[in-house]
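Undergrad: Pasting in a structure now, in structure tokens, and then I'll have a few things to ask.
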Amino acid sequence: MKALEKQTGNLSLPMNLVLLAVVVFLVAVVTMLIPTGLAGGKPGLATALIGALVLTAILVPLVYILVFRGSNLAPIHGAELARLPQLRQDSITDPLTRTLNRRGITIGLLDLMALADRYGHQLSIAILDVDRLSQVNQQYGDAAGDRTVSAVAAILADALRMPDRVGRYTDNEFLLVLPETQLEAACKLGERVRTNTAEADIELSDQTIKTTVSVGVTEFRPGEDLEHLISRAEGALHQAKADGRDCVVCTRAN
Numbered sequence: 002m003k004a005l006e007k008q009t010g011n012l013s014l015p016m017n018l019v020l021l022a023v024v025v026f027l028v029a030v031v032t033m034l035i036p037t038g039l040a041g042g043k044p045g046l047a048t049a050l051i052g053a054l055v056l057t058a059i060l061v062p063l064v065y066i067l068v069f070r071g072s073n074l075a076p077i078h079g080a081e082l083a084r085l086p087q088l089r090q091d092s093i094t095d096p097l098t099r100t101l102n103r104r105g106i107t108i109g110l111l112d113l114m115a116l117a118d119r120y121g122h123q124l125s126i127a128i129l130d131v132d133r134l135s136q137v138n139q140q141y142g143d144a145a146g147d148r149t150v151s152a153v154a155a156i157l158a159d160a161l162r163m164p165d166r167v168g169r170y171t172d173n174e175f176l177l178v179l180p181e182t183q184l185e186a187a188c189k190l191g192e193r194v195r196t197n198t199a200e201a202d203i204e205l206s207d208q209t210i211k212t213t214v215s216v217g218v219t220e221f222r223p224g225e226d227l228e229h230l231i232s233r234a235e236g237a238l239h240q241a242k243a244d245g246r247d248c249v250v251c252t253r254a255n
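When the letters of the sequence shown are read in order and numbered with my numbering, they come out as residues 2 to 255.
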């Protein structure tokens, strides 16, 4: 029955088009003949037929586009509209870790900076680097590197509170945005993440490996812009790497 309905549905549009063409043709013939008869002349059937064919050729495609194509396109537009929320979400999501991507986390940070600036709320951020990720890629392959990054993302997701946000900022870095959080609390969170990462076993296809992270933490200073805030966090991260990695460095806003 479904197959028959499908076949009938496929035939309905051509049949409608044929009926439309016949109706337009007949109306055009009558339209061509009536004025000639009213004028007292002999109806020119050949002329009327030619004119009717011309009108049919012009009108049928126009009516088809306006009526039938319009009705067919409506469900397509509806489906696209239904997908818009998912498309927007995909545009700010990192496909590997399913955290926010750089664009998504930056938008979130800017929003929270505006709120903190306006209402005097506390706001801290942390930039976390997966230590020696390039060596993991070289020694075990890119798939192992991806598995390591995903494992760190899972550790971050477990450690963060509901209002906190995390996003993959570069290939080997994550940006943590911590609203309503003073620097001291942000440093404790960074240390917890560092410890949990160092203790975690990362399962590969044929073996288990370990990894560590370096973390740079800072607080938002009212009135400062995104560039200065990120730069200060990156400075703290660079210091953590210089101190031997697998550590947390916290920097206050001057």
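Glycine is no exception: its CB is placed at the ideal position from the N, C-alpha and C atoms.
Within a Cβ cutoff of 6 Å, which residues of the same chain sit near Val209, ignoring the five residues on either side of it in sequence?
TA: Residue identity check: residue 209 is Thr in the sequence provided, not Val. Answer for Thr209: Asp202, listed in chain order.
Undergrad: Would you mind stating whether Leu177 and Leu129 have Cβ atoms separated by less than 8 Å?
TA: A contact, by the Cβ cut-off of 8 Å.
Undergrad: Across the region 118–126 and the region 215–227, are there enough close Cβ pairs to call them in contact, namely three or more that are closer than 8 Å?
TA: As far as the Cβ criterion goes, the region 118–126 touches the region 215–227, which means the pair count is three or higher.
Undergrad: Fully enclosed by the region 226–255, which alpha helix (DSSP H) runs are 4 residues long or longer?
TA: The region 226–255 contains these whole alpha helix (DSSP H) runs: 227–243.
Undergrad: Should Asn255 be labelled buried (16 or more other beta-carbon atoms within 10 Å of its own) or exposed?
TA: Looking at its Cβ environment, which holds fewer than 16 other Cβ atoms inside 10 Å, Asn255 is exposed.
Undergrad: Grab the span of the alpha helix (DSSP H) containing Gly121 for me, first residue to last.
TA: Per DSSP, Gly121 belongs to no alpha helix (DSSP H) and is neither H nor E.
Undergrad: To which residues does DSSP link Thr219 through a beta bridge?
TA: Looking at the DSSP assignment, Thr219 forms a beta bridge with Ile126 and Thr252.
Undergrad: Distance, Cα to Cα, Val131 vs Arg162?
TA: If I take the Cα positions, the gap works out to 21 Å.
Undergrad: Relative to the C-alpha of Phe175, which candidate in Arg89, Cys251, Gln139 and Thr107 has its C-alpha closest?
TA: The candidate whose alpha carbon is nearest that of Phe175 is Thr107.
Undergrad: Compare the beta carbon distance of Gly168 and Arg233 with 8 Å and say whether it is the shorter of the two.
TA: No.
Undergrad: With a CB to CB cut of under 7 Å and the five nearest residues on each side skipped, what residues in its chain are close to Gly109?
TA: Leu101, Arg166 and Val178, listed in sequence order.
Undergrad: Quick check: Arg148 and Leu190, are their CB atoms within less than 8 Å of each other?
TA: No, Cβ-Cβ distance for Arg148 and Leu190 is not below 8 Å.
Undergrad: Please state whether DSSP places Leu101 in a helix, a strand or coil.
TA: It is a strand residue.
Undergrad: In chain order, what residues of the same chain have a beta carbon less than 7 Å from the beta carbon of Thr94, not counting five sequence neighbours either side?
TA: The residues are Leu101, Asn102 and Gly105.
Undergrad: Taking 6 Å as the limit between beta carbons, can you name the residues of its chain near Gln183, skipping five residues before and five after?
TA: The residues are Gln123.
Undergrad: Among Thr98, Asn138, Leu157 and Tyr120, which one has its Cα closest to the Cα of Val216?
TA: For the residues Thr98, Asn138, Leu157 and Tyr120, the minimum Cα distance to Val216 belongs to Leu157.
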